[in-house]
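As structure tokens, the structure follows; a few thoughts come after it.
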Amino acid sequence: MVHAFALLLVLQLIGEVVVQGLGLPVPGPLVGMLLLFAGLLMRGRLPDGLRDAANALLRHLMLLFIPAVTGVMMYFDRIAREWLPFMAACILGAALTIAVTALMLRWMLRVTRTPGDHG
Amino acid sequence: MGNAGLFKIWVFLSGSPLLWLTLTILVYLAALWLYARSGGHSLVNPILLSVAALVGVLQLTGTPYPVYFDGAKFVHFLIGPATVALAVPLFSQLERLRRMWLPIGVALVAGSTVAVVSAVVIAWGFGASRESMLSLAPKSATLPIAMSVAEQIGGVPALAAMAVAVTGISGAIMARSLLNLLRVDDPAVRGFAVGIAAHAAGTARALQVGSVNGAFAALALALNGVATALLMPLLIRALRPLL
């Protein structure tokens, strides 16, 4: 588990270095995630320690966000001013995204005749 | 111990990272308990409950956010390794990904693009400031990715975090009736759409609905994080006239 955690940190570090070094417009941890995914593809199976470490972190993902979201208290005046565009973009945007994604995936499954997944 | 003694203890604790770190975790546990008691009701969202409680405490005690964050940053730091760890659920969905890569890929690019473009265009239509539009753009990606993408394109990470929370909760609430209205009944399609639009909150909801729903929502969540980060520079360039 400690080994797995070290691996996650090392990959994040490599990701940050790559992003800074090459001036890529993506977050460093994302590059770390892609590296880990590539590593798992090459290895072909998921080590138990890594699965446990990932599950431990991801199970309480919500906790990790709390400090950042609490930072919203620094922007109360802006939210008071812009609450309407803010809520409209979030709620209408989510509705549009759900509709387009669902219709597009359904249509693509039909066109390509991919068998559905009911397992 | 008199008032002066209590005050001295408060002065010591309120400036130390220990108090705010401990409080963050305790508030989260209390919010989780309430969430479980409500039967997983989407309005009793643990993040919103915790943040409301913490903001209340900080306002009442007159504690500035940077002092709070000095303690809470130990939790915040774990977002990075957690983002790297998202490769694990993605790898667990490899079989599905292999079998359905073309439909999934097309739906992913369409959904991810609509999520970003609709957020910016709607915010623009209602007269949002440039910084708010840039904070709203990555709102359908999972939080760690949305926050760092927002920061990179010139938005405010805290506002992005708020937008992610509102999007996730509203998406989870409306998904069921909206998908029924569109007569989409394949659980794979339903789960995938909710995962793209409403990331973790939607995925948690989809997992309650069923295993196929949940698996596709988790796959969509991980893929949309990657797609949002990769598509964002292009989309921002295309949306430049509005920004």
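Sequences listed follow chains X and P, in order.
Going by this note's numbering, the first residue of the first sequence is number 1, and it counts up by one from there.
Going by this note's numbering, the first residue of the second sequence is number 1, and it counts up by one from there.
Ideal Cβ positions, reconstructed from N, Cα and C, are used throughout, including at glycine.
What in chain A is Cβ-close to L9(X), meaning under 9 Å?
The displayed structure is made up of protein chains X and P, and chain A is not among them.
Quick one: which chain X residues come within Cβ less than 8 Å of L102(P)?
Position 102 of the second sequence, counting from 1, holds the residue named residue 102(P). Under the 8 Å cutoff, chain X gives M108, T112, T114.
Using a cut-off of 8 Å between C-beta atoms, extract the partners of A175(P) located in chain X.
By 1-based counting over the second sequence, the position of residue 175(P) is 175. Correct list: I98.
Put G5(P) into one of helix, strand or coil per three-state DSSP.
Within the second sequence, the letter at position 5 stands for residue 5(P). Here G5(P) sits in helix by DSSP.
In terms of alpha-carbon separation, which member of R190(P), R176(P), G210(P), N180(P) lies closest to R106(X)?
Numbered from its first residue, the first sequence carries residue 106(X) at position 106. When only C-alpha atoms are compared, the closest one is R190(P).
Using a threshold of 8 Å, state whether the C-beta atoms of A175(P) and G202(P) are closer than that.
To locate residue 175(P), count along the second sequence from 1; it is residue 175. To locate residue 202(P), count along the second sequence from 1; it is residue 202. Closer than 8 Å, so yes.
Taking the alpha-carbon positions, what's the H118(X) to S92(P) distance?
If you number the first sequence from 1, residue 118(X) lands on position 118. If you number the second sequence from 1, residue 92(P) lands on position 92. With a pLDDT of 49 at H118(X), under the threshold of 50, the predicted position of this residue should be treated as unreliable, though the coordinate-derived value follows. In a straight line, the C-alpha of H118(X) is about 17 Å away from that of S92(P).
Within 10 angstroms of its Cβ, does G177(P) collect 16 or more other Cβ (buried), or is it exposed?
As a position in the second sequence, residue 177(P) is number 177, starting the count at 1. Note that residue 177(P) is Ser in the sequence shown here, rather than Gly. The residue is exposed, with fewer than 16 neighbouring Cβ atoms inside 10 Å.
Between which two residues does the alpha helix (DSSP H) containing A161(P) stretch?
Along the second sequence, one-based indexing puts residue 161(P) at 161. 157-181 is the span of the alpha helix (DSSP H), which, as asked, contains A161(P).
Within this structure, are the beta carbons of A137(P) and I122(P) separated by less than 8 Å?
Within the second sequence, the letter at position 137 stands for residue 137(P). Within the second sequence, the letter at position 122 stands for residue 122(P). For A137(P) and I122(P), no; Cβs fall outside 8 Å.
Using a Cβ-Cβ cut-off of 6 Å (strictly less than) and excluding sequence neighbours within five positions of L11(X), which residues of its own chain qualify?
The sequence position of residue 11(X) within the first sequence is 11, counting from 1. Excluding sequence neighbours, L11(X) sits near G32, L35, L36.
For the alpha helix (DSSP H) that K73(P) lies in, which residues bound it at each end?
In the second sequence, counting from the first residue as 1, residue 73(P) sits at position 73. Here the alpha helix (DSSP H) through K73(P) covers 65-76.
Quick check on D185(P): does DSSP put it in helix, strand or coil?
Sequence index remark: in the second sequence, residue 185(P) carries index 185 (1-based). Three-state result, D185(P): coil.
Taking DSSP as the reference, what is the three-state secondary structure of R123(X)?
No answer is possible for residue 123(X): the residues shown for chain X start at 1 and end at 119.
When you compare the CB positions of S135(P) and L159(P), do they come within less than 8 Å of one another, or not?
Here residue 135(P) is taken as the residue at index 135 of the second sequence, counted from 1. Here residue 159(P) is taken as the residue at index 159 of the second sequence, counted from 1. Yes. Within cutoff.
Determine the DSSP secondary structure at G45(P), reduced to helix, strand or coil.
By one-based count along the second sequence, residue 45(P) stands at place 45. The sequence shown places Asn at residue 45(P), rather than the Gly named in the question. N45(P): coil per DSSP, three-state reduction.
Taking the CB atoms as reference points, tell me whether S118(P) and G71(X) lie closer together than 8 Å.
Residue mapping note: residue 118(P) aligns to position 118 of the second sequence, counting from 1. Residue mapping note: residue 71(X) aligns to position 71 of the first sequence, counting from 1. No; because the gap between Cβ atoms is not below 8 Å, this pair is not in contact.
Which same chain residues end up closer than 8 Å to L18(P) when comparing Cβ atoms and leaving out the 5 residues on each side of it in sequence?
The residue given as residue 18(P) occupies position 18 in the second sequence. Counting only Cβ-Cβ distances below 8 Å, and skipping sequence neighbours, we find G71.
In whole angstroms, what is the alpha-carbon distance linking M74(X) and G168(P)?
Counted from its first residue, the first sequence places residue 74(X) at position 74. Counted from its first residue, the second sequence places residue 168(P) at position 168. Going by the C-alpha atoms only, they are around 22 Å apart.
Please report how far the alpha carbon of H76(P) lies from the alpha carbon of V57(P), in whole angstroms.
For this step, residue 76(P) is matched to residue 76 along the second sequence. For this step, residue 57(P) is matched to residue 57 along the second sequence. Cα to Cα, the separation comes out at about 19 Å.
Report the residue from C90(X), M108(X), I98(X), R110(X) whose alpha carbon sits nearest the alpha carbon of L182(P).
Position 182 of the second sequence holds residue 182(P). The residue with the shortest Cα to Cα distance from L182(P) is I98(X).
Does the distance from the C-beta atom of A217(P) to that of T101(X) stay below 8 Å?
Translated into positions along the second sequence, residue 217(P) becomes position 217. Translated into positions along the first sequence, residue 101(X) becomes position 101. No.
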